[in-house]
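Comments concern the structure below.
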Amino acid sequence: MKLTHVLLLCFTWVSCTKDPDGSNEFMADYDMNGLIQSVRYKDAPDFSPTISVHEASGMIPCSYWDKGYWLINDSGDGPHLYLVNSTTGKVVKTLSLMGCQNVDWEDLACYVSPNAEMRLLVADIGDNNANRLNVKVYSFDEPHFSDFDTINSQWESFQPQELKTWTISYPDGPRDAEAFFVDPFSGQPFIVTKRTARAMVYSIPANPSVGGDTAYYLGSIPTQFITGADCALDDQGVRRILLRNYGQLFEWVWASASGIDEAFMHPPTILPYDPIEPQGESICYTLNNGFSVMSEKVDTVFPVIYQYSLK
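With positions in the sequence shown counted from 1, the corresponding number in the numbering used here is that position plus 261.
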(Lines of atoms letter the chains of each structure in order from A; the text may use other names.)
(Lines give C-alpha, C1' and ligand atoms only; values in the text may rest on other atoms or scores of the structure.)
Protein backbone atom coordinates (compact mmCIF):
# COMPACT_ATOMS: atom_id res chain seq x y z
CA MET A 262 0.00 0.00 0.00
CA LYS A 263 1.41 3.38 -0.98
CA LEU A 264 1.41 6.46 1.19
CA THR A 265 -1.39 7.93 -0.80
CA HIS A 266 -4.52 9.03 0.97
CA VAL A 267 -6.23 5.73 0.37
CA LEU A 268 -9.34 4.42 2.02
CA LEU A 269 -8.92 1.45 4.31
CA LEU A 270 -11.24 -1.42 3.59
CA CYS A 271 -12.52 -1.02 7.09
CA PHE A 272 -13.58 2.63 7.28
CA THR A 273 -13.01 3.53 10.91
CA TRP A 274 -14.21 6.51 12.90
CA VAL A 275 -11.82 7.73 15.55
CA SER A 276 -13.35 10.31 17.84
CA CYS A 277 -11.13 13.32 18.32
CA THR A 278 -13.36 15.97 19.85
CA LYS A 279 -13.22 16.83 23.54
CA ASP A 280 -15.69 17.60 26.26
CA PRO A 281 -17.08 21.15 25.96
CA ASP A 282 -15.79 22.02 29.43
CA GLY A 283 -12.22 21.41 28.26
CA SER A 284 -11.52 18.73 30.88
CA ASN A 285 -9.83 16.47 28.33
CA GLU A 286 -7.71 19.06 26.57
CA PHE A 287 -4.15 17.88 26.02
CA MET A 288 -1.02 19.95 26.61
CA ALA A 289 2.05 18.29 25.15
CA ASP A 290 5.25 19.01 27.07
CA TYR A 291 8.51 17.98 25.43
CA ASP A 292 11.64 19.71 24.20
CA MET A 293 11.26 20.56 20.51
CA ASN A 294 15.00 21.37 20.42
CA GLY A 295 16.01 17.87 21.50
CA LEU A 296 14.12 15.74 18.99
CA ILE A 297 15.45 12.55 17.42
CA GLN A 298 16.33 12.79 13.74
CA SER A 299 14.17 10.57 11.53
CA VAL A 300 15.99 7.75 9.71
CA ARG A 301 13.00 6.99 7.49
CA TYR A 302 13.80 9.42 4.67
CA LYS A 303 16.83 10.22 2.53
CA ASP A 304 18.77 13.29 3.61
CA ALA A 305 19.11 14.79 0.12
CA PRO A 306 15.96 15.59 -1.87
CA ASP A 307 15.25 15.48 -5.56
CA PHE A 308 13.97 18.79 -6.84
CA SER A 309 11.90 20.15 -9.68
CA PRO A 310 12.64 23.02 -12.06
CA THR A 311 11.40 26.39 -10.82
CA ILE A 312 7.64 26.41 -10.36
CA SER A 313 5.58 29.12 -12.03
CA VAL A 314 3.21 29.44 -9.04
CA HIS A 315 5.01 31.98 -6.86
CA GLU A 316 2.83 32.36 -3.75
CA ALA A 317 2.02 28.70 -3.09
CA SER A 318 0.61 28.21 0.38
CA GLY A 319 -0.63 24.62 0.05
CA MET A 320 0.14 21.50 -1.98
CA ILE A 321 -0.96 17.90 -2.41
CA PRO A 322 -0.04 15.27 -4.99
CA CYS A 323 -2.41 14.56 -7.84
CA SER A 324 -3.77 11.10 -7.04
CA TYR A 325 -3.81 9.82 -10.63
CA TRP A 326 -0.68 11.45 -12.13
CA ASP A 327 2.67 10.82 -10.47
CA LYS A 328 4.21 13.99 -11.93
CA GLY A 329 1.35 16.23 -10.85
CA TYR A 330 0.77 18.44 -7.83
CA TRP A 331 -2.23 20.56 -6.95
CA LEU A 332 -1.23 23.99 -5.61
CA ILE A 333 -3.04 27.03 -4.23
CA ASN A 334 -1.93 30.63 -3.73
CA ASP A 335 -2.73 32.63 -0.62
CA SER A 336 -4.43 36.03 -0.33
CA GLY A 337 -4.20 38.27 -3.37
CA ASP A 338 -5.07 35.52 -5.81
CA GLY A 339 -8.47 34.40 -7.01
CA PRO A 340 -10.09 31.06 -6.11
CA HIS A 341 -7.63 29.20 -8.31
CA LEU A 342 -6.49 25.59 -8.16
CA TYR A 343 -3.29 24.93 -10.11
CA LEU A 344 -2.21 21.58 -11.57
CA VAL A 345 1.58 21.65 -11.94
CA ASN A 346 3.92 19.25 -13.75
CA SER A 347 6.80 18.68 -11.33
CA THR A 348 9.17 17.56 -14.11
CA THR A 349 8.84 20.83 -16.03
CA GLY A 350 7.68 23.29 -13.36
CA LYS A 351 4.90 24.44 -15.65
CA VAL A 352 1.24 24.95 -14.82
CA VAL A 353 -0.78 22.44 -16.83
CA LYS A 354 -4.15 23.87 -15.83
CA THR A 355 -5.58 26.68 -13.74
CA LEU A 356 -9.11 26.02 -12.50
CA SER A 357 -11.06 29.02 -11.21
CA LEU A 358 -13.38 27.37 -8.70
CA MET A 359 -16.97 28.55 -8.97
CA GLY A 360 -18.74 28.94 -5.62
CA CYS A 361 -15.45 29.56 -3.76
CA GLN A 362 -13.75 32.75 -2.59
CA ASN A 363 -10.09 33.27 -1.72
CA VAL A 364 -9.83 35.54 1.30
CA ASP A 365 -6.59 33.91 2.51
CA TRP A 366 -6.18 30.34 1.31
CA GLU A 367 -3.44 28.69 3.35
CA ASP A 368 -3.47 24.90 2.94
CA LEU A 369 -4.69 21.97 0.86
CA ALA A 370 -5.65 18.53 2.12
CA CYS A 371 -7.22 15.39 0.73
CA TYR A 372 -8.70 12.05 1.73
CA VAL A 373 -10.75 9.28 0.14
CA SER A 374 -14.47 9.47 0.92
CA PRO A 375 -16.65 6.46 1.84
CA ASN A 376 -17.80 6.27 -1.80
CA ALA A 377 -14.15 5.96 -2.90
CA GLU A 378 -13.87 9.50 -4.33
CA MET A 379 -10.73 11.50 -3.68
CA ARG A 380 -11.81 14.69 -1.95
CA LEU A 381 -9.77 17.89 -1.97
CA LEU A 382 -10.15 20.45 0.81
CA VAL A 383 -9.08 24.09 0.54
CA ALA A 384 -8.54 25.80 3.89
CA ASP A 385 -9.32 29.53 3.75
CA ILE A 386 -8.08 29.99 7.32
CA GLY A 387 -5.43 32.71 7.14
CA ASP A 388 -6.04 35.70 9.41
CA ASN A 389 -2.84 37.69 9.96
CA ASN A 390 -4.59 40.38 11.99
CA ALA A 391 -6.89 37.96 13.86
CA ASN A 392 -10.01 39.90 12.87
CA ARG A 393 -12.04 37.46 10.76
CA LEU A 394 -15.29 36.54 12.50
CA ASN A 395 -15.29 33.25 10.62
CA VAL A 396 -13.14 31.33 8.17
CA LYS A 397 -14.02 28.89 5.40
CA VAL A 398 -13.15 25.40 4.22
CA TYR A 399 -14.18 24.08 0.80
CA SER A 400 -14.35 20.39 -0.12
CA PHE A 401 -14.99 18.84 -3.54
CA ASP A 402 -14.13 15.83 -5.69
CA GLU A 403 -10.66 15.91 -7.19
CA PRO A 404 -10.88 17.17 -10.79
CA HIS A 405 -9.76 14.68 -13.46
CA PHE A 406 -8.30 15.27 -16.90
CA SER A 407 -11.66 14.28 -18.35
CA ASP A 408 -13.34 17.09 -16.41
CA PHE A 409 -11.51 19.98 -18.08
CA ASP A 410 -9.81 21.04 -21.30
CA THR A 411 -6.09 20.24 -21.26
CA ILE A 412 -5.41 21.20 -24.90
CA ASN A 413 -7.03 24.49 -25.91
CA SER A 414 -6.91 26.55 -22.74
CA GLN A 415 -4.63 26.74 -19.70
CA TRP A 416 -7.30 28.53 -17.62
CA GLU A 417 -11.00 27.89 -17.24
CA SER A 418 -13.88 28.53 -14.90
CA PHE A 419 -14.67 25.25 -13.19
CA GLN A 420 -17.66 24.02 -11.19
CA PRO A 421 -16.37 21.74 -8.39
CA GLN A 422 -18.28 18.50 -8.06
CA GLU A 423 -20.08 17.80 -4.76
CA LEU A 424 -18.94 21.13 -3.32
CA LYS A 425 -19.29 21.51 0.46
CA THR A 426 -18.53 24.68 2.41
CA TRP A 427 -17.78 25.04 6.12
CA THR A 428 -18.20 28.39 7.86
CA ILE A 429 -16.12 28.14 11.02
CA SER A 430 -15.70 30.30 14.10
CA TYR A 431 -13.36 29.68 17.02
CA PRO A 432 -14.69 29.31 20.58
CA ASP A 433 -12.01 31.67 21.93
CA GLY A 434 -11.91 34.35 19.25
CA PRO A 435 -10.24 34.71 15.84
CA ARG A 436 -7.02 32.80 15.17
CA ASP A 437 -4.45 32.98 12.41
CA ALA A 438 -3.78 29.52 10.99
CA GLU A 439 -1.93 28.16 7.97
CA ALA A 440 -1.90 24.41 8.70
CA PHE A 441 -4.77 22.06 7.94
CA PHE A 442 -5.04 18.29 7.57
CA VAL A 443 -7.63 15.52 7.45
CA ASP A 444 -7.79 12.18 9.27
CA PRO A 445 -7.67 9.60 6.43
CA PHE A 446 -9.71 7.18 8.55
CA SER A 447 -12.65 9.41 9.40
CA GLY A 448 -12.42 12.42 7.10
CA GLN A 449 -12.40 14.76 10.09
CA PRO A 450 -10.43 17.97 9.47
CA PHE A 451 -8.01 19.66 11.87
CA ILE A 452 -6.58 23.17 12.09
CA VAL A 453 -3.25 24.13 13.71
CA THR A 454 -2.65 27.78 14.60
CA LYS A 455 0.41 29.82 13.64
CA ARG A 456 0.86 32.92 15.81
CA THR A 457 -0.08 31.62 19.26
CA ALA A 458 2.67 30.99 21.84
CA ARG A 459 1.95 27.27 21.50
CA ALA A 460 0.49 25.68 18.38
CA MET A 461 -3.19 25.15 19.15
CA VAL A 462 -5.02 22.20 17.59
CA TYR A 463 -8.71 22.39 16.68
CA SER A 464 -11.06 19.94 15.01
CA ILE A 465 -14.09 20.70 12.88
CA PRO A 466 -16.91 18.31 11.94
CA ALA A 467 -16.40 15.89 9.07
CA ASN A 468 -19.42 17.50 7.38
CA PRO A 469 -20.52 21.15 7.56
CA SER A 470 -23.63 22.21 9.45
CA VAL A 471 -26.29 24.59 8.21
CA GLY A 472 -25.63 27.93 9.88
CA GLY A 473 -21.93 27.26 10.51
CA ASP A 474 -19.75 25.36 12.94
CA THR A 475 -17.63 26.17 15.96
CA ALA A 476 -14.19 24.57 16.00
CA TYR A 477 -13.39 22.33 18.98
CA TYR A 478 -10.22 23.19 20.85
CA LEU A 479 -8.34 19.95 21.49
CA GLY A 480 -5.03 21.03 22.98
CA SER A 481 -1.60 22.42 22.15
CA ILE A 482 1.95 21.44 21.31
CA PRO A 483 5.14 23.30 22.32
CA THR A 484 5.99 25.02 19.04
CA GLN A 485 4.74 27.93 16.95
CA PHE A 486 4.73 29.50 13.48
CA ILE A 487 3.36 26.30 11.93
CA THR A 488 2.85 27.01 8.21
CA GLY A 489 1.72 23.68 6.75
CA ALA A 490 0.50 20.18 7.54
CA ASP A 491 -0.55 16.85 6.10
CA CYS A 492 -1.77 13.46 7.30
CA ALA A 493 -1.77 10.18 5.38
CA LEU A 494 -1.44 6.43 5.69
CA ASP A 495 1.98 4.86 5.35
CA ASP A 496 2.80 1.55 3.66
CA GLN A 497 1.68 -0.29 6.82
CA GLY A 498 -1.66 1.51 7.01
CA VAL A 499 -0.52 3.67 9.96
CA ARG A 500 -1.39 7.35 10.05
CA ARG A 501 1.45 9.85 9.99
CA ILE A 502 1.17 13.60 10.59
CA LEU A 503 3.46 16.25 9.12
CA LEU A 504 3.78 19.77 10.51
CA ARG A 505 6.26 22.39 9.38
CA ASN A 506 7.46 25.86 10.23
CA TYR A 507 9.92 28.04 8.33
CA GLY A 508 13.00 26.14 9.51
CA GLN A 509 11.98 22.63 10.62
CA LEU A 510 9.82 19.68 9.58
CA PHE A 511 8.18 17.37 12.14
CA GLU A 512 6.48 13.96 11.91
CA TRP A 513 4.20 12.20 14.40
CA VAL A 514 2.96 8.61 14.24
CA TRP A 515 -0.76 8.32 15.00
CA ALA A 516 -1.63 4.78 16.12
CA SER A 517 -4.90 3.34 14.84
CA ALA A 518 -6.47 2.79 18.26
CA SER A 519 -5.63 6.22 19.67
CA GLY A 520 -6.99 9.73 19.47
CA ILE A 521 -5.05 12.60 18.04
CA ASP A 522 -4.33 13.85 21.56
CA GLU A 523 -2.34 10.68 22.27
CA ALA A 524 -0.41 11.12 19.02
CA PHE A 525 0.59 14.70 19.83
CA MET A 526 1.49 13.85 23.44
CA HIS A 527 4.47 11.89 22.11
CA PRO A 528 7.40 13.88 20.71
CA PRO A 529 7.76 13.88 16.93
CA THR A 530 10.85 13.05 14.95
CA ILE A 531 12.55 15.82 13.04
CA LEU A 532 12.85 15.31 9.30
CA PRO A 533 15.73 16.06 6.93
CA TYR A 534 15.47 19.59 5.55
CA ASP A 535 18.35 20.82 3.42
CA PRO A 536 18.38 23.25 1.77
CA ILE A 537 16.17 25.31 4.04
CA GLU A 538 13.75 27.36 1.95
CA PRO A 539 13.42 31.17 2.11
CA GLN A 540 9.73 31.04 3.09
CA GLY A 541 8.60 27.44 3.30
CA GLU A 542 4.85 27.09 3.73
CA SER A 543 3.77 23.93 1.89
CA ILE A 544 4.27 20.28 2.81
CA CYS A 545 2.60 17.04 1.80
CA TYR A 546 3.10 13.31 1.63
CA THR A 547 3.77 11.87 -1.82
CA LEU A 548 2.39 8.87 -3.66
CA ASN A 549 5.57 6.88 -3.02
CA ASN A 550 5.61 7.23 0.79
CA GLY A 551 7.95 10.21 0.84
CA PHE A 552 7.14 13.88 1.36
CA SER A 553 7.51 17.15 -0.54
CA VAL A 554 7.99 20.76 0.50
CA MET A 555 7.77 24.07 -1.34
CA SER A 556 8.42 27.74 -0.58
CA GLU A 557 6.85 30.92 -1.77
CA LYS A 558 8.97 33.11 -4.07
CA VAL A 559 11.14 35.53 -2.09
CA ASP A 560 12.94 38.33 -3.96
CA THR A 561 14.85 36.59 -6.76
CA VAL A 562 14.63 33.10 -5.24
CA PHE A 563 12.06 31.16 -7.23
CA PRO A 564 10.24 28.18 -5.69
CA VAL A 565 10.97 24.55 -6.49
CA ILE A 566 9.39 21.35 -5.20
CA TYR A 567 11.81 19.38 -3.01
CA GLN A 568 10.91 15.68 -2.88
CA TYR A 569 12.30 13.50 -0.08
CA SER A 570 12.11 9.75 -0.70
CA LEU A 571 12.20 6.78 1.64
CA LYS A 572 15.60 5.24 2.29
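Even glycine gets a Cβ: it sits at the ideal position worked out from N, Cα and C. Remember, it's a predicted structure, so these values are computed and weren't measured experimentally.
In this structure, DSSP gives A490 an extended state, which the three-state scheme calls strand. Here E367 carries a coil assignment [DSSP, helix/strand/coil].
Looking at the backbone, the Cα of W513 and that of T530 are separated by about 7 Å.
The Cβ neighbour count for K572, taken over all protein chains shown within 10 Å, is under 16; the residue is labelled exposed. Distances from the CA of N468 to each of T457, E423, M461 were compared; the closest alpha carbon is that of E423.
At the C-beta level, V352 and V300 stay beyond 8 Å of one another. For the set D304, Y478, Y291, the Cα lying nearest the Cα of S553 is the one of D304. For H341, the beta-bridge partners assigned by DSSP are S357.
A direct Cα-to-Cα measurement between Y291 and G329 gives close to 37 Å.
A contact between stretches requires three or more CB pairs, one per stretch, nearer than 8 Å, and the stretch 474-481 fails this requirement with the stretch 493-501. Judged by beta-carbon spacing, L332 lies within the 8 Å limit of Y343, meaning their Cβ atoms are closer than that value. Around the CB of Q568, 16 or more other CB atoms lie within 10 Å, so the residue is classed as buried.
Judged by DSSP in its simplified three-state form, F406 adopts helix. With fewer than 16 other Cβ atoms from the protein chains shown falling within 10 Å of its own Cβ, G295 counts as exposed. Collapsing the DSSP output to three states places I465 in coil.
Per DSSP, the unbroken beta strand (DSSP E) holding I429 starts and ends at 425-430. For Y372, the CB contacts under 7 Å within the same chain, skipping 5 residues up- and downstream, are H266, R380, V443, P445, G448 in chain order. In the displayed model, D388 falls within coil according to three-state DSSP, outside both helix and strand.
In the structure shown, F525 adopts helical secondary structure according to DSSP, grouped into three states. For R393, the CB contacts under 6 Å within the same chain, skipping 5 residues up- and downstream, are P435 in chain order.
Per DSSP, V499 lies in no beta strand (DSSP E) segment and is marked neither H nor E.
Under DSSP, Q568 shares a beta bridge with D307, S553. With a cutoff of 8 Å on beta-carbon distance, Y325 and P533 are scored as not near each other.
Checking the DSSP bridge columns, you'll see T530 partnered with E512. By the Cβ-count criterion, E417 is exposed, with fewer than 16 other Cβ atoms from all chains shown falling within 10 Å of its own Cβ. Between Y507 and T488 the beta-carbon gap is near 6 Å, inside 8 Å, which marks them as a contact.
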